[in-house]
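S.K.: Protein chains in written order, with the working numbering: chain C, 1 to 373; chain L, 374 to 746.
1. Determine, using beta-carbon pairs with one atom in the region 228 to 238 of chain C and one in the region 255 to 265 of chain C, whether at least three such pairs fall under 8 Å.
2. Looking at chain C, which residues of the region 534 to 566 of chain L have a Cβ within less than 7 Å of any of its Cβ atoms?
3. Hey, out of L:624, L:674 and L:497, whose CA is closest to residue 684 of chain L's CA?
4. So which residues of chain C does residue 671 of chain L contact, with C-beta pairs closer than 8 Å?
5. Within 8 Å (strictly less), CB to CB, does residue 471 of chain L reach chain C?
6. Looking at residue 747 of chain L: is its Cβ nearer than 8 Å to the Cβ of residue 675 of chain L?
7. Are the C-beta atoms of residue 579 of chain L and some chain C residue less than 8 Å apart?
8. Does the distance from the CB of residue 319 of chain L to the CB of residue 181 of chain C come in under 8 Å?
9. Let me confirm a value: residue 434 of chain L is counted as buried when at least 16 other C-beta atoms fall within 10 Å, else exposed. Which label applies?
10. Under 7 Å, CB to CB, which of the residues in the region 94 to 125 of chain C have a partner in chain L?
11. Can you tell me where the beta strand (DSSP E) with residue 442 of chain L in it begins and where it stops?
12. Would you report the Cα separation of residue 416 of chain C and residue 188 of chain C, rounded to the nearest angstrom?
13. Quick one, which residues of the region 383 to 408 of chain L are near chain C if we go by CB-CB under 8 Å, in chain order?
14. Say whether the region 411 to 421 of chain L touches the region 432 to 451 of chain L, bearing in mind that this needs 3 or more beta-carbon pairs closer than 8 Å, one atom from each stretch.
15. Name, going along the chain, the residues of the region 222 to 241 of chain C whose beta-carbon falls closer than 8 Å to a beta-carbon of chain L.
16. Take residue 575 of chain L and list the residues in its own chain whose beta-carbon comes closer than 6 Å to its own, dropping the five residues that flank it on each side.
17. Take residue 245 of chain C and list the residues in its own chain whose beta-carbon comes closer than 6 Å to its own, dropping the five residues that flank it on each side.
18. Give me whichever residues DSSP pairs with residue 314 of chain C in a beta bridge.
19. On the DSSP letters alone, give me the boundaries of the beta strand (DSSP E) that residue 434 of chain L sits inside.
20. Between which two residues does the alpha helix (DSSP H) carrying residue 175 of chain C extend?
21. Identify whether residue 338 of chain C lies in helix, strand or coil by the three-state DSSP scheme.
22. Is DSSP giving residue 107 of chain C helix, strand or coil here?
23. Could you give the residue range of the alpha helix (DSSP H) that holds residue 155 of chain C?
24. Which one of C:329, C:349 and C:199 has the shortest CA to CA distance from residue 243 of chain C?
25. Rounded to whole angstroms, what is the Cα-Cα separation between residue 167 of chain C and residue 348 of chain C?
26. Using the three-state DSSP reduction, which class does residue 656 of chain L fall into: helix, strand or coil?
27. DSSP state of residue 238 of chain C, grouped into three classes?
28. Closest by CA to residue 309 of chain C, which one among C:291, C:344 and C:352?
29. I'd like to know if residue 509 of chain L contacts chain C, where contact means its C-beta is closer than 8 Å to some C-beta of that chain.
30. Could you please tell me which residues of the region 300 to 316 of chain C, in chain order, have their CB closer than 8 Å to any CB of chain L?
31. Let me make sure I understand the geometry here. Which of C:149, C:107, C:291 and C:158 has the alpha-carbon closest to that of residue 197 of chain C?
32. In or out: residue 240 of chain C buried (at least 16 other Cβ within 10 Å) or exposed?
33. Checking 8 Å against the spacing of the C-beta atoms, do residue 609 of chain L and residue 390 of chain L come in under that value?
34. Start and end of the alpha helix (DSSP H) containing residue 199 of chain C?
35. Determine, using beta-carbon pairs with one atom in the region 80 to 92 of chain C and one in the region 451 to 468 of chain L, whether at least three such pairs fall under 8 Å.
36. Using a Cβ-Cβ cutoff of less than 8 Å, which residues in the same chain neighbour residue 412 of chain L once the five nearest sequence positions on both sides are dropped?
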C-alpha cells in the first residue's frame, strides 16, 4: 500500500498511535484526521485549536471545526463525514484496523467509500527515523536506570530467618519494588504501568505482575516498560535476579535463556527471518535441557514469542515469533526476550532491545545479565 | 437496550473499559469476550489462561483457546468468529461503538449479525455499585493527597526578585511540580498521566498541561486525574492557586467560578437535568461579570462543559453540558468543573466530584478552595 493513500482516522491520539505518529499531537479527546494525496489535515475544536497549532508536526494543516462546519448542530462526526463526502465525493478512504465500527458504519451510510484492510496505515512506522531511534534509545536509558534502582534495592535487602527480604526495615514486597521502579520512571519523565516484579512461583506466569513478600534464593522476574511522556515512545527490558543463592535448576535455566538471547540476537540483520530466530532460541534452550510443551495442566517452557517491535506502541511491528516470515528491515527496533517457565520452580526471562543496522544490529540494552545478587 | 442482549467484544481491557467492566480482568493483549442470554465468556490464550481464571469476576466463564479451537491454524479472530457463528448461528451480536472496524467487517463477512448502535453496551456502567463508589472515593482520596502535595510545594516556595518561584534551591517549573504530583500518585498506587500544572497565560488554555518556570502573583491551574492501578477507577480534581497576591480580576474570576461550582452542585439530585446545571453555571459567572463568547482570535470565558461522568473511563456517562437532557440517576458519579479562560490574564478552574444520592448529592472532594497561598 503506497504511503500516499487517502487516510481517515477518528480517534484520540491516546488510543491511536497511528494518529500520534501522523500528527505528533497528544490529545485525550477524539479528533478527525484525514490525508488526501499526501496532504495532512486535522480538525480541532475550540478547546484544542491553539494547542494543536503549537504542538502538531509542521506538515499537518490544522482546521478549525467552526470554520469548516458553520452550522453548530452539524459539529459532530456525521457533520464531519458529510463535509468530507461533499468536498471529496469520489475518494476511497483507508482507515486503521482499529477504527471504531460505529463511525465506519456511519461514514459508509452517508456514502463514503471506506476500506478497512489488514495492513498498516503507515507501513513505515516499523522503520524508525533517526529522531525515533533517539527517542527509543532515550527510553531505554530511562528503563535501565529504573532496573538499576530495582537491582540495587534487592542488593541492599537483608534476609531474615524465614528467607524473606527486608529493605528499609520492612518486608520487601513486589508492590514496594514496583512502586520504587515506577517512581524512578516518573522522576525521569516516563510512565510505567503494569511493571512486573514476580517472585518465586509467580515468575512462572509471564503476565503475572507479582504480589506479596519477595524471598531470597528464588528467582524474581523484573520487566519494566515505561513510556516517555514527552515523546510517547516506549522502553522495554527484563532481567531475572536471585537475592542469595540460586538452585542448580534456576542457574541452568538462566544460562539456557542467556544463551538463547545471545544466540538469536547475533542473527539479527537486514533480511533475517523472524521465525528462524524464534526457532533458534527454542533449539538453544532445548539443547541446554529445557523443553517446551504442554501437559494436562498447561503449557511449560518457552510459552511466548521471542520478541516484538517497539515504538509508539509497546507491541508493534515487526513481530518475532512462529510463522513470522517478513524479513527484517534497516531501522527496525524490537525486543529479544526468550524465557523459560515451569510451574514447579518458577520462571526466567531476559529481554534486550535491538536496532537493525547496516552492520547487523545494535543493542540498546547495555546492562549485564547477573543472576545472583 | 436490555442488559442481557448478546454482546461481543474483541479488545484489550486496556483499550476497552466495557471489557474491563464485564470481566474485571486487566490484560494488555486483546481477547474475545461474548455474552449469550446473560452468560459471560472470555477466551484466553495459554499465556493468560491461569491469570484470567484467578483474576476475573466470578461470573465470567474462562474458555481455553486451544480447547475450543483444535486446529492451531484457526486460532485467530476469524477462527473465533467461525466458532461463534457455528455455535450460535441465529444470534444478533451487539458490539461497543469502538469495536475495531476490521474485525466487525470480518465477522459480518462470515455471516455474524453484528449490530453497532449508538448506545452503551452496559448502560448500567453510569450507575455505580457500592464497590465502585468505594473505588472512586478511594481514588479521590489519592487525588486530594496529590493536590495537597502540590499546594504544599507552592506554599513552601520562595519568590525571587524576578517573581519566579524557588523550591529546594531551584527554579520551580511546571515540569517539577507535575513530577512531584505524579510521584505522590505512584506512592499511593495510582498512575497520573497528563497532569496539568499550567501557570500564567498557559492557564488560559484548558488542555495545555503547562511548562516552564512558575511565577508568583499569577494563577496556576492544577488538574490531577490519577487512575488506581489495582481497580482501574479514576479520580479527578482541579484547583487554582496563586502564590503571593492575586490581581483583582483573578480574585473576581475565582469568586465567580467558585459560586458557579457551588451553585450548580447544589442542584445535583435524582431527576435534575444536566444542561440546566451547565446553563446555571454560565449564568452565575455572567452575573458576576464574566462573559463567554467568541471574537476574531477565538473563544473566551467558559469554553468547555460543566462536567463528565467518571468510572473506569476518565470521561464517561453522564455528560453534563449543553443539550444533555438525560436526568441524573441515583448512583451516578461525575465532576462539576466550571472555569473561566481569558487570553489577557489566564484561567481559573475548580473541579469537584459528586455522587447522586437519595438526599441529593455527596461530594467526594473534601478540599478547600483557597486562591492565595
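Virtual Cβ for every residue (Gly too), placed ideally from N, Cα, C. Predicted model, so just to flag it, every value in this text is computed and none were measured.
M.R.: Reading from the atomic positions:
1. Judged by Cβ distances under 8 Å, the region 228 to 238 of chain C makes no contact with the region 255 to 265 of chain C, as fewer than three pairs qualify.
2. Within the region 534 to 566 of chain L, the residues whose Cβ lies closer than 7 Å to some Cβ of chain C are 552, 555, 556, 559, 560, 564 and 566, listed in chain order.
3. Ranking L:624, L:674 and L:497 by Cα distance to residue 684 of chain L puts L:497 first.
4. Those are 46, 49 and 50, listed as they occur along chain C.
5. For residue 471 of chain L, the nearest CB of chain C lies under 8 Å from its own CB, placing it at the interface with that chain.
6. Residue 747 of chain L lies beyond the range of chain L shown here (374 to 746); nothing can be said about it.
7. So yes, residue 579 of chain L belongs to the interface.
8. Examination of residue 319 of chain L is not possible in this model, given that chain L is present from 374 through 746 alone.
9. Under this definition residue 434 of chain L is an exposed residue.
10. For the region 94 to 125 of chain C, the beta-carbon criterion of a distance under 7 Å to any beta-carbon of chain L is satisfied by 95, 97, 98, 99, 100, 101, 102, 104, 105, 116 and 118.
11. Looking at the DSSP string, residue 442 of chain L is not in any beta strand (DSSP E), and its letter there is neither H nor E.
12. In this structure chain C extends from 1 to 373, so residue 416 of chain C is not present and cannot be described.
13. Cβ proximity to chain C below 8 Å picks out 388, 399, 400, 401 and 402 from the region 383 to 408 of chain L.
14. Contact between the region 411 to 421 of chain L and the region 432 to 451 of chain L is present, because at least three Cβ pairs lie under 8 Å.
15. Contacts with chain L (Cβ-Cβ distance below 8 Å) from the region 222 to 241 of chain C involve 229, listed in chain order.
16. The answer, listed in chain order, is 581 and 583.
17. Excluding residues within five positions, the ones whose Cβ falls inside 6 Å are 217.
18. In the DSSP output, where bridge partners are listed per residue, residue 314 of chain C has none listed.
19. Per DSSP, residue 434 of chain L belongs to the beta strand (DSSP E) from 433 to 437.
20. Taken as a continuous stretch (DSSP letters only), the alpha helix (DSSP H) holding residue 175 of chain C covers 174 to 187.
21. It is coil, neither helix nor strand.
22. Residue state, collapsed to three classes: helix.
23. Counting along the chain, the alpha helix (DSSP H) containing residue 155 of chain C begins and ends at 130 to 156.
24. Selection C:329, C:349 and C:199 evaluated against residue 243 of chain C yields C:199 as nearest (Cα-Cα).
25. Distance between the alpha carbons of residue 167 of chain C and residue 348 of chain C is about 23 Å.
26. Here DSSP, grouped into helix, strand and coil, assigns residue 656 of chain L to helix.
27. When secondary structure is reduced to three states using DSSP, residue 238 of chain C falls in the strand class.
28. Closest by alpha carbon: C:352.
29. By this cut-off, residue 509 of chain L is not an interface position.
30. Per Cβ criterion, the list reads 303, 304, 314 and 315.
31. The residue with the shortest Cα to Cα distance from residue 197 of chain C is C:149.
32. Buried: at least 16 other Cβ atoms inside 10 Å.
33. No; because the gap between Cβ atoms is not below 8 Å, this pair is not in contact.
34. First-last for residue 199 of chain C: 196 to 199, but that is the beta strand (DSSP E), not the alpha helix (DSSP H).
35. With a cut-off of 8 Å on Cβ pairs, the region 80 to 92 of chain C is not in contact with the region 451 to 468 of chain L, counting fewer than three such pairs.
36. So the qualifying residues of the chain are 434.
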